[in-house]
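Adding 1055 to a residue's 1-based position in the sequence shown gives its number in this note's numbering. Glycine residues also receive a C-beta, built at the ideal position from the N, C-alpha and C atoms. Shown next, in structure tokens, is the structure this report addresses.
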Amino acid sequence: MIPFKSPLADLIRQYIDYRKSLGYRDKALPGQLLVLDRIIAYQDIGLQDLTPSFFLDIRLSYKDRPDTFNAMLLGMRGFLNYLTRCQVICYNPLTDITAYPQNAFIPFVFSPEQINQMMIHIQNTIPRDPDHFLAGYSIYVAILLLARCGMRISEPLRLTLSHYNPRGTLYIEKTKFSKDRLIPVPVAVKQEIDNYLAARKSLVTTENPYLLPGQNERALSKKAVYKVFDSAVSHIGIHQPKQIIANTTFAGPTPHSLRHSFAINTLKSIREKGQSPQNALPVLSIYMGHCKYRYTAVYLKVLDAEHRQSLVDFAIARQEEL
């Protein structure tokens, strides 16, 4: 637990524990409230000083980091609502404090050809020496699951051996929204997993329970996956860092981009078959583990990798005209 130091420290810890008791997994919440805690401690103030003007000053101080303030605002507003319900304070001073306008977000999208190139490169660069072979193979399988099954990066890393059914399903638990799901994997992916498990069985002598083992009985690390992913992206010639143009943020390629690409390319394939992508959204939403249907619907905004690039080119051209 983060060491909160202000006079509100006990109340903050109570609120975090309360959220946990309801089943929420707010990993960002302590960090969001830490800033408030530090400001209160530094200014040596109490509950009576938490006025709208106090929070307006905080908002102003983050004018160059609007996304950071918006995240903080979410955590602080929930905390003060909690204090209001507990009758610790009479009203929530954040009620009329607004978030900064958010930029439109356009994810990076890999084309199917780029994904194939990436996977071939990663497979070809798996170390052949016995001491490093399994680690490289594990990273390959992790990225394969991101690309072919649309997983979040944390999901394949948390899989245990018991989560894989040789009949071709994966049970994914403790997801972002605490929403477990069982997904079928494509036949080609099942074959890759079976081949990997055969190699794993002959090389792993410890009792590591993870499907993709790391060191010291732990799971494979995100850092290891990022390193190989970044190298592969560079190898296939993609050099497009994150760009903010006018009021739109165009994301650069990250492992999470493979999840976006999976969804967008799946909808494109459905469209090319003459079927309705809109009708496919409920199934895709369940497969990807979205807690709300609208989170899946946003993928309809980008048709494919070429369409995404045309949006970038158009935004740059418009910016140059101004």
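Check whether the Cβ atoms of residue i and residue j sit closer than 8 Å, and answer yes or no.
i: tyrosine 1155; j: isoleucine 1177; result: no
i: leucine 1266; j: leucine 1199; result: no
i: alanine 1274; j: arginine 1213; result: yes
i: lysine 1297; j: alanine 1287; result: no
i: isoleucine 1325; j: alanine 1335; result: yes
i: leucine 1322; j: proline 1337; result: no
i: isoleucine 1113; j: isoleucine 1095; result: no
i: threonine 1309; j: phenylalanine 1160; result: no
Using a Cβ-Cβ cut-off of 7 Å (strictly less than) and excluding sequence neighbours within five positions of residue i, which residues of its own chain qualify?
i: threonine 1139; result: Tyr1146, Asn1147
i: arginine 1314; result: Leu1201, Gly1205, Met1206, Arg1207
i: leucine 1126; result: The question names leucine, but residue 1126 in the sequence shown is alanine. For alanine 1126, where only same-chain residues beyond five positions count, the Cβ hits under 7 Å are Ala1083, Gln1087.
i: tyrosine 1137; result: Tyr1070, Tyr1073
i: alanine 1064; result: Asp1092
i: leucine 1225; result: Leu1214, His1218, Tyr1219, Ile1238, Val1240
Per DSSP, what kind of secondary structure is residue i in: helix, strand or coil?
i: phenylalanine 1284; result: helix
i: leucine 1377; result: Note that leucine 1377 scores a pLDDT of 48, beneath 50, so its modelled location is shaky and nothing firm can be said.
i: phenylalanine 1109; result: helix
i: leucine 1225; result: strand
i: leucine 1084; result: helix
i: isoleucine 1291; result: coil
i: leucine 1237; result: strand
i: threonine 1304; result: strand
i: isoleucine 1299; result: strand
i: proline 1388; result: With the chain covering only 1056 through 1377, there is no way to say anything about residue 1388.
i: asparagine 1263; result: coil
i: leucine 1258; result: helix
i: tyrosine 1219; result: strand
Quick one: residues in its chain with C-beta nearer than 8 Å to the C-beta of residue i, no 5 flanking neighbours on either side, listed in chain order?
i: valine 1242; result: Gly1223
i: leucine 1377; result: Confidence at leucine 1377 is low in this model, with a pLDDT of 48, below 50, so its placement is unreliable and no value can be given for it.
i: leucine 1149; result: Pro1107, Phe1110, Leu1128, Met1131, Arg1132, Leu1135
i: glutamate 1247; result: Val1196, Leu1199
Leaving aside the five residues before and after residue i along the sequence, list all residues of the same chain whose C-beta is less than 6 Å from its C-beta, in chain order.
i: isoleucine 1227; result: Glu1210, Arg1236
i: serine 1276; result: Gly1269
i: leucine 1432; result: It is not possible to answer for residue 1432, since the shown part of the chain is limited to 1056 through 1377.
Taking residue i as the reference, give the member of the options with the closest Cα.
i: lysine 1229; options: Pro1107, Ile1095, His1345; result: His1345
i: leucine 1121; options: Asp1104, Pro1310, Asn1158, Ser1166; result: The question names leucine, but residue 1121 in the sequence shown is proline. Answer by Cα proximity: Asn1158.
i: serine 1316; options: Thr1303, Val1143, Pro1162; result: Pro1162
I'd like the ranges of any alpha helix (DSSP H) spanning at least 4 consecutive residues and lying wholly in the segment 1193-1217. 1209-1213
For a minimum of 3 consecutive residues, which ranges assigned as the beta strand (DSSP E) are wholly contained in the segment 1082-1167? 1159-1161, all fully within the segment 1082-1167.
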